[in-house]
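K.L.:
Here's a structure for you.
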Amino acid sequence: MFFQTLGGIMSEYPFAEVEKKVQEKWENKNVFAMSQNPRNKYYVLEMFAYPSGDLHVGHLRNYVIVDLLARYYSQRGFDVLHPVGWDAFGLPAEEAAIKNKIHPRKWTEANIEKSRKTLKSIGIGYDWETEILTCDPEYYKWTQWIFLKLLEKGLAYQDTSLVNWCIKCQTVLANEQVENGKCWRCGSEVTKRELKQWFFRITQYAQDLLDDLEKLKEGWPEPVITAQKNWIGRSEGAEIDFSVMGKDAKLTVFTTRPDTLWGVTFAAIAPEHRLIGEIISDSDRKKEVEEYIKKSVMKTEIQRLSTVEEKTGVYSGVDLKHPLTGENVPLYICDYVLSSYGTGTVMGVPAHDARDFDFAKKYGLKMKEVIKPRQNTDNKESLEEAFTDYGILTNSGEFSGMNSEEAIPMIIEFLKKEKIGRGKVNFKLHDWLVSRQRYWGAPIPVVHCPSCGVVPVPEKDLPVILPDNVEDYMPKGKSVLAAVDSYINVSCPECGGPALRDPDTLDTFVDSSWYQLRYPDAKNSEKLIDSAKAESWLPIDKYIGGIEHATGHLIYFRFITKFLHRLGVIPCGEPAQRLFNQGMVCGSDGSVMSKSKGNGVEAGEFVGNYGADVCRVTTLFLAPPGRDAIWSEQGVAGAKRFLDRVWRLGEKYTAGVSNGKAGESDEKKLRRTMNLTIKKVTEDIENWGFNTAIASMMEFVNELVPFEDSSSYIFREAYETLLLLLAPFAPHIAEYLWEKAGKNEFVLKSGWPQYDPETVISESEEIGVQVNGKLRAVLRLPFDVTEDEAFSQAAESQNVKQYIEGREIKKRIFVPHRMISFVVKA
RNA sequence: GCCGGGAUGGCGAAAUCGGUAUACGCAGCGGACUUAAAAUCCGCCGGUUUAAACCUUGUGGGUUCGAUUCCCACUCCCGGCACCA
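If you count by my numbering, then the first sequence holds residues 17 to 842, one letter each, in order.
In structure tokens, the structure reads:
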């Protein structure tokens, strides 16, 4: 019996027994199962997690927040979908395999089991029937299917590209695995290597991805929208052709400032540019150029990170011809020019571009001023810095005297007519490199046949199963799978002749780019998702995760959603209606909590010591969910005391004793507090103010504790209301006490209290009185006090009197329920 | 360099259509209960001060009867992007 107060000892919330019991009850009755035909759906999801093993309290925050919402919306009568899954492919499993000789699958499954246990111990209400694992063939079958569809539509292609290569590890590294130009694992220098890779043509969706950000403005945080906008990086300008002197060749540049075309004094080309070899073939500076290229390509990574100041380059020995003036334009090879953006070649306008200015100054190149500032045209003899704003064109032939804004479209039109240029829109966004020379990922469903070329695996043969019989996971310069004969050798689906499977696997961002579509129909073996299910559950209503995914996952996620939408698989073009960025939890050292830093507090251990509900309340009370927070055990005591008091209220309720009659005014006050608390908690949940919601429940409890008559109707009503409000925050204790209170239905299905606006009005309230902006008194006045009455009462108040007496009152201000203010002449 | 977020008691934080700054909690102090301690309950708790008064939301200005809230300038901290022509 939990409800006996033994020998005067104040009882505490016996979390171990209660939480176990409640969790069993939830599980037996399958309370979190998704509805098969939702009328009023609500889909909440936290961002996909990598199963790293032990969850720490930092991870917990996210789960607890989303669970709170799921439970809240359930109580509000929505059909909630709150699923869980695991982003189970990826490098760490492989690293563990190499290090500890354990199969990546085993390692991954063991970790997932561990995390599952922790999540269950916190009482997160998932429908475990819908759980997905990206390393499950039934899941990656559809990852592969999406790949085939992209291939079919020309949105997946192979191309050679320079990739990060660690010589020591003999492997390709993703950008985020390169830290300051060094390999994240072995610390040795990373070089570039040209390899054939698979890409998704996300750039084809760039404009769409950009345009639809408009639709997300209401539901997504502004910083994410901005980050995506910058990442997509649309810029309008023109491509202009420059012919190569003495050769039948031309180079095209991209510029956003065609109005500065007359100011071109040199041109610069990226060292990696594909045409360099051809252009310098008979230059007398061939040797220097080749040396420079070799040097800059090798050290690209380090340079990118360290140099912003120094620009280097080498004269190619070749000149271009200015398309308008016919003048010689020397061509330089410069590593400040990016090969991956625009055309890999730029026109140099030192007078009007800061970078070109630096370069020209260093190499003593000419500067030609062709844009004048609109205001103060004090002619300086030599330029001290580039003038990069729009202005008035000068020395620009027939366009001289025009404003940049009007000249730009006219110049583009002119270039088009002369067939030496055209308008052009460029994006910073690059095509998405999706192949990895790695084992632990979804196999790329493609066969390479010597006679038929690249042949997609027929849909009926999906999934292409990742083989388990691998002995050595150490990459040897190519994918591990290339060495698995039984896997790699296959007959061509077209001609039946001997062929090879693609040895690469897909980037894990591909796995996580569509997972939200799978939950509503996780077991469907015929389709990615049944269209009726898609119709009734998609899109996500609330999506919660860290801002660090703003330009990675969230772009891929939107892209694949859009693609599948166009394909007719799903009804929506955006994956998530609302996005919320929860803040990070930092360890006591102030840095982000993580296993590798050793500053994590293990979740399982914490729950074992204090219980799930204390853990939840502590986490939620720590700070508002959007803000970064430093973990501290200090809050635990408060959370524990709070729940212990609730527990004792339960005893008081059960006992139903009347220690003297509560006065009418006390009852009225309690009714008022109850209604105010309902209002506050409801609004706070809607506005992500979980910490203040808890604060107001604490105030409510503080009033209930000393309330005399626990057999009174109002006490019983208030207590029951408290349990309903508390349930999303501390579901175990709420559920248990709800049952003890004689309720038959789960608290989760027992509705959400409504507040009565009438009762929150109190008879009187305290109003501050200011004189010349300084607070001089606080008066208790009737709620419906008239303005005149308020002024006269205020003026009579002792302390106010001394400040206004004998002085001319210039102004009186009355703000109902808040403030009375007098302005007097000094 | 550019973009974004932040700065309020000893600590986590609350209050922004401008209206009694510091709710709630932690820590601390005092008291009740107890042989005692813990737990629990009650009270105090920004600073100078007997009170009155004055000062106080990173800094300096401004608007206003009144500014944590709005405007301008700046400092520091955190995060992201980083030669995108």
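In this text, a Cβ means the ideal position worked out from N, Cα and C, and glycines have one as well.
To the nearest angstrom, report how far apart Y89 and R390 are at their CA atoms.
P.N.:
In a straight line, the C-alpha of Y89 is about 59 angstroms away from that of R390.
K.L.:
Mind checking whether the beta-carbon of R687 lies closer than 6 angstroms to any heavy atom of the ligand ADP?
P.N.:
In the structure on display, the ligand ADP does not appear, and there are no ligands present to speak of.
K.L.:
For P773, tell me which candidate among I730, T693, A810 has the shortest Cα-Cα distance.
P.N.:
It is T693.
K.L.:
Answer with buried or exposed for H13, where buried requires no fewer than 16 other C-beta atoms within 10 angstroms of its C-beta.
P.N.:
Only positions 17 to 842 of the chain appear in the structure, and residue 13 is not among them; the question remains open.
K.L.:
Take D484 and list the residues in its own chain whose beta-carbon comes closer than 8 angstroms to its own, dropping the five residues that flank it on each side.
P.N.:
The residues are H119, R121.
K.L.:
Where DSSP assigns a beta bridge to T426, which residues make up the other side?
P.N.:
The amino acid occupying residue 426 in the given sequence is Met; Thr does not appear at that position. M426 is not bridged to any residue.
K.L.:
Can you round the beta-carbon distance between V80 and R632 to whole angstroms, since I take them to be within the 8 angstroms contact cut?
P.N.:
V80 to R632, Cβ: 5 angstroms. Contact.
K.L.:
Since Y155 is in the alpha helix (DSSP H), which residue starts that stretch and which ends it?
P.N.:
Taken as a continuous stretch (DSSP letters only), the alpha helix (DSSP H) holding Y155 covers 153-168.
K.L.:
Which stretch, first to last residue, makes up the alpha helix (DSSP H) that contains F573?
P.N.:
That run of the alpha helix (DSSP H) goes 569-582.
K.L.:
Quick one: residues in its chain with C-beta nearer than 7 angstroms to the C-beta of F799, no 5 flanking neighbours on either side, listed in chain order?
P.N.:
The residues are I777, S778, E779, S780, E781.
K.L.:
Which residue wins for smallest C-alpha separation from A32, given the options P153, K212, G627, K817?
P.N.:
Closest option to A32, Cα to Cα, is G627.
K.L.:
Using a 10 Å radius around the Cβ and a threshold of 16 neighbouring Cβ atoms, would you call Y729 buried or exposed?
P.N.:
Exposed, by the Cβ-count rule.
K.L.:
Would you mind stating whether V82 and V60 have Cβ atoms separated by less than 7 angstroms?
P.N.:
In this structure, V60 lies closer than 7 angstroms to V82 by Cβ.
K.L.:
Kindly list the residues whose CB is nearer than 7 angstroms to the CB of M490, restricted to its own chain and excluding five residues on each side of it in sequence; keep chain order.
P.N.:
Once the five neighbours on either side are set aside, the close Cβ partners of M490 are I114.
K.L.:
Indicate whether the contact test is met: 3 or more Cβ pairs, each with one atom in the region 259-272 and one in the region 324-336, closer than 8 angstroms.
P.N.:
With a cut-off of 8 angstroms, the region 324-336 and the region 259-272 count as touching, because enough Cβ pairs lie within range.
K.L.:
Looking at the structure shown, is P861 part of a helix, part of a strand, or coil, going by DSSP?
P.N.:
Look at the range of the chain in this structure, 17 to 842, and you will see that residue 861 is not part of it.
K.L.:
If the criterion is Cβ atoms closer than 7 angstroms, does the pair Y58 and F105 meet it?
P.N.:
The answer is no: Cβ separation not under 7 angstroms.
K.L.:
Based on Cα-Cα distance, which residue from T361, A757, K212 lies nearest to Y348?
P.N.:
Ranking the options by Cα distance to Y348, first place goes to T361.
K.L.:
Classify L291 as helix, strand or coil using the three-state DSSP reduction.
P.N.:
L291 falls in the coil class under three-state DSSP.
K.L.:
Tell me whether M26 is buried or exposed, calling it buried when 16 or more other Cβ atoms sit within 10 Å of its Cβ.
P.N.:
Result: exposed.
K.L.:
Beta carbon of A243, beta carbon of A746: below 7 angstroms?
P.N.:
Contact flag unset, no.
K.L.:
Does the count of Cβ pairs from the region 470-486 and the region 125-135 closer than 8 angstroms reach three?
P.N.:
No, the region 470-486 is not in contact with the region 125-135.
K.L.:
So, for K327: in the same chain, excluding its five sequence neighbours on each side, which residues have a beta-carbon less than 6 angstroms away from its beta-carbon?
P.N.:
Cβ within range, chain order: Y352, D374, F375.
K.L.:
So what's Y348 in DSSP terms, helix, strand or just coil?
P.N.:
Strand, per DSSP.
K.L.:
By how many angstroms is the C-alpha of E28 removed from the C-alpha of N116?
P.N.:
Cα to Cα, N116 sits roughly 45 angstroms from E28.
K.L.:
Grouping DSSP H, G and I as helix and E and B as strand, with all else coil, what is K826?
P.N.:
In this structure, K826 counts as strand in the three-state DSSP scheme.
K.L.:
Assign E326 to one of three DSSP states: helix, strand, or coil.
P.N.:
Correct three-state label for E326: coil.
K.L.:
Select from A283, G253, I285, T276 the residue whose C-alpha is nearest the C-alpha of F270.
P.N.:
The shortest C-alpha separation from F270 is found at G253.
K.L.:
Using only CA atoms, which one of V601, V506, G493, S712 lies nearest to V188?
P.N.:
Among V601, V506, G493, S712, the Cα nearest to that of V188 belongs to G493.
K.L.:
Do the region 581-591 and the region 543-558 make contact, defined as three or more Cβ pairs closer than 8 angstroms?
P.N.:
The region 581-591 is in contact with the region 543-558.
K.L.:
To which residues does DSSP link E618 through a beta bridge?
P.N.:
Answer by DSSP bridge pairing, in chain order: H72.
K.L.:
Between the Cα of P472 and the Cα atoms of Y455, L516, N442, A498, which residue gives the shortest distance?
P.N.:
For the residues Y455, L516, N442, A498, the minimum Cα distance to P472 belongs to L516.
K.L.:
Please classify P466 as buried or exposed, where buried requires at least 16 neighbouring CB atoms within 10 angstroms.
P.N.:
So P466 ends up on the exposed side.
K.L.:
On a CA-only basis, which of D725, K303, E434, K311 is nearest T207? Give me that one, please.
P.N.:
Cα-wise, what sits closest to T207 is K311.
K.L.:
Give every residue of the same chain whose Cβ lies closer than 6 angstroms to the Cβ of I309, excluding the five residues on either side of it in the sequence, and list them in chain order.
P.N.:
Excluding sequence neighbours, I309 sits near P287.
K.L.:
In the structure shown, what three-state DSSP assignment does W102 receive?
P.N.:
Of the three classes helix, strand and coil, the one that applies to W102 here is strand, per DSSP.
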